[in-house]
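Protein chains in written order, with my numbering: chain H, 232 to 552; chain G, 232 to 552.
Working notes, beginning with the structure itself.
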């Protein structure tokens with residue numbers, strides 16, 4: 232499966248050639264024909280790289296926090312990768328990467344690699360691109376890889392759930408919001424970070440968070456809740472301790488090779504399956520658009536097409552027997 | 232494709248045999264083998280039934296509003312169908328159907344059919360079930376069909392987007408929330424309903440809504456914003472006028488047969504595609520779980536499996552030539 236060209240690119244990533252790395256990430260983002268071979272060559276289920284997801288409502292100071300975490304891990308001698316994701320609206324398509332400039336403090340540090348990602352390009356959507364970009368940065372020995380997302384929609388949850396450990400970042404004044412967040416969104420946080428803890432309203436926020444835990448089933452473990460201020464640096468040592476302890480205790484959701492592999496394969500199955508089904512419909516009707524015309528003309532229905540798709544493999548299996 | 236048994240069920244739905252209808256909805260929900268044939272028989276792209284989605288954060292009085300809309304359309308002599316959806320958390324799985332009891336005022340009215348739906352059963356998830364249930368109720372001559380969802384997550388947005396016209400329901404005190412909602416979520420509302428308009432904070436809410444419109448691209452039409460009180464009934468005439476006018480002006484998102492068909496086919500393609508890809512992986516590796524074992528043993532990677540899936544149709548086409 233491996234072409235020598237793909238192998239060349241994979242080698243550049245492994246040796247952490249920064250330009251080669253940037254090029255490969257673009258290939259992944261744009262669905263370049265070689266991308267899959269490169270990813271295949273780089274994939275290592277046993278990779279040790281820790282991935283940290285940072286999510287939460289806008290205005291939570293996530294970029295400042297990311298900045299602090301970069302500084303912490305650089306201080307430990309680690310190479311740090313950052314993927315800043317803005318899935319933007321599925322309906323309109325803007326991008327608000329404004330205050331991410333902050334992270335540019337580290338832009339001149341060759342051991343820090345920062346990449347912004349939007350929702351364009353990749354067939355699997357921005358979560359597909361992010362999934363693959365993490366593997367590329369891990370193969371280039373970045374550890375940790377921090378994935379920061381804007382917002383709390385389903386896409387953001389999906390992206391955050393790609394990480395081994397996810398921080399849900401909240402700030403005072405978001406208590407009402409916490410109440411309207413579904414239990415599920417609270418549950419994606421392996422660690423709940425109460426940022427800007429020096430501001431008024433911190434007590435109320437902590438109460439809202441505790442109240443929301445009541446929606447979590449009894450047997451599930453409550454995530455640690457850490458107060459800090461990314462701005463002043465207060466409480467950050469407690470946060471990094473919690474991250475490290477979470478990583479080593481194995482409570483990090485996908486800390487194991489098996490969990491991570493299951494997640495990646497599931498996501499690829501969804502993506503390729505959709506591609507496949509579209510091709511099969513096109514095989515039969517010329518294109519998906521022509522299938523729609525046939526339905527409108529009363530010649531078939533979406534449900535009959537669904538049955539044709541379901542029947543496709545059954546027929547194939549019968550022929551084989 | 233039609234078995235006579237499926238035909239029997241389809242006939243019962245069309246003649247609005249309530250027990251037959253309930254039975255078919257259960258079959259749809261549980262993925263019964265006959266469900267697709269029944270849905271195929273019932274599908275009519277030109278159906279005239281208006282579907283109204285009602286969505287918004289919890290506490291917005293959506294059930295009371297649904298109740299009022301039922302009363303309004305019953306007064307016009309229409310038969311009204313209601314699908315109350317609680318996708319619940321993808322992570323935990325509770326259901327909070329509490330105040331929906333209210334709608335039971337209409338429970339004894341044979342011309343009102345109310346059905347609750349959770350996230351279990353259907354392979355396409357709750358949005359797949361809802362999609363199919365709408366077609367069933369439409370075939371049974373319910374018009375309108377009201378689809379009410381809890382919450383504002385991606386699933387709720389998906390479900391609401393199945394409707395011809397979607398009401399986004401907000402109440403005073405949710406101004407902050409509106410600000411953190413992404414432009415996309417505001418955009419799914421064909422009509423923005425400011426409910427509990429007799430409460431303090433209504434001005435501030437309306438200002439937040441106006442501010443959020445600034446995120447919508449210029450060329451897009453701003454949805455009407457209607458103040459009302461489902462409790463007292465005030466402003467409801469303006470709301471029903473807006474719904475009717477939206478339905479007839481064709482600004483309702485999927486008011487056309489083409490838009491609706493495109494949506495339904497797209498959703499079936501995603502669902503069946505995933506099923507197909509899982510089967511193909513199982514064909515080759517025994518099961519998806521065994522494929523994961525192979526990856527962990529270093530024999531393959533998720534990306535190679537992805538390429539196998541991509542290559543599947545290409546090989547098939549080559550063999551044919």
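Just so it is clear, CB atoms sit at the ideal spot from N, CA and C, and this is done for glycine as well.
Please read these numbers as outputs of a predicted model, since none were measured by experiment.
May I ask you to report which of helix, strand or coil DSSP gives residue i?
i, result
"residue 324 of chain H", "Note that residue 324 of chain H scores 26 on pLDDT, short of 50, meaning its location in the model is unreliable and no value can be drawn from it."
"residue 458 of chain G", "strand"
"residue 399 of chain G", "strand"
"residue 390 of chain H", "helix"
"residue 463 of chain G", "coil"
"residue 453 of chain G", "coil"
"residue 430 of chain H", "coil"
"residue 425 of chain G", "strand"
"residue 277 of chain G", "coil"
"residue 531 of chain G", "coil"
"residue 330 of chain H", "With a pLDDT of 41 at residue 330 of chain H, under the threshold of 50, the modelled position of that residue is not reliable, and the figure given next carries that caveat. In the structure shown, residue 330 of chain H sits in a helix (DSSP, three-state: H, G or I)."
"residue 377 of chain H", "strand"
"residue 468 of chain H", "helix"
"residue 267 of chain G", "helix"
"residue 405 of chain G", "coil"
"residue 363 of chain H", "helix"
"residue 372 of chain H", "coil"
"residue 352 of chain H", "With a pLDDT of 46 at residue 352 of chain H, under the threshold of 50, the predicted position of this residue should be treated as unreliable, though the coordinate-derived value follows. Three-state result, residue 352 of chain H: coil."
"residue 339 of chain H", "coil"
Can you check whether the C-beta of residue i is within less than 7 angstroms of a C-beta belonging to chain H?
i, result
"residue 282 of chain G", "no"
"residue 359 of chain G", "no"
"residue 535 of chain G", "yes"
"residue 492 of chain G", "yes"
"residue 287 of chain G", "no"
"residue 293 of chain G", "no"
"residue 540 of chain G", "yes"
"residue 526 of chain G", "yes"
"residue 391 of chain G", "no"
"residue 377 of chain G", "no"
"residue 496 of chain G", "yes"
"residue 423 of chain G", "no"
Does any C-beta atom of chain G lie closer than 7 angstroms to the C-beta of residue i?
i, result
"residue 516 of chain H", "no"
"residue 276 of chain H", "yes"
"residue 508 of chain H", "yes"
"residue 271 of chain H", "yes"
"residue 430 of chain H", "no"
"residue 557 of chain H", "Look at the range of chain H in this structure, 232 to 552, and you will see that residue 557 of chain H is not part of it."
"residue 237 of chain H", "no"
"residue 504 of chain H", "yes"
"residue 501 of chain H", "yes"
"residue 263 of chain H", "no"
"residue 338 of chain H", "no"
"residue 463 of chain H", "no"
Taking the Cβ atom as the reference point for each residue, do residue i and residue j lie within a distance shorter than 7 angstroms?
i, j, result
"residue 313 of chain H", "residue 304 of chain H", "no"
"residue 282 of chain G", "residue 400 of chain G", "no"
"residue 526 of chain H", "residue 276 of chain G", "yes"
"residue 358 of chain G", "residue 396 of chain G", "no"
"residue 290 of chain H", "residue 426 of chain H", "no"
"residue 237 of chain H", "residue 503 of chain G", "no"
"residue 274 of chain G", "residue 532 of chain H", "yes"
"residue 403 of chain G", "residue 430 of chain G", "yes"
"residue 203 of chain G", "residue 301 of chain G", "In the structure as shown, chain G begins at 232 and stops at 552. Residue 203 of chain G is therefore absent and cannot be evaluated."
"residue 348 of chain H", "residue 316 of chain H", "yes"
"residue 244 of chain H", "residue 370 of chain H", "yes"
"residue 492 of chain G", "residue 523 of chain H", "yes"
"residue 499 of chain H", "residue 420 of chain G", "no"
"residue 309 of chain G", "residue 248 of chain G", "no"
"residue 466 of chain H", "residue 453 of chain H", "no"
"residue 405 of chain H", "residue 264 of chain H", "no"
Taking the continuous alpha helix (DSSP H) assigned at residue i, which residues delimit it?
i, result
"residue 316 of chain H", "Not the alpha helix (DSSP H): residue 316 of chain H falls in the beta strand (DSSP E), residues 311-316."
"residue 554 of chain G", "Since the first residue of chain G shown is 232 and the last is 552, residue 554 of chain G is not available in this structure."
Got a sec, what are the start and stop residues for the beta strand (DSSP E) residue i sits in?
i, result
"residue 284 of chain H", "282-286"
"residue 294 of chain G", "Here residue 294 of chain G belongs to no beta strand (DSSP E); instead the alpha helix (DSSP H) covers 293-306."
"residue 257 of chain H", "Unbroken run through residue 257 of chain H is the alpha helix (DSSP H), 249-260; no beta strand (DSSP E)."
"residue 347 of chain G", "343-348"
Margin query: Going residue by residue through the stretch 471-523 of chain H, where are the continuous alpha helix (DSSP H) segments of at least 4 residues, counting only ones entirely within it?
Written below: 488-516
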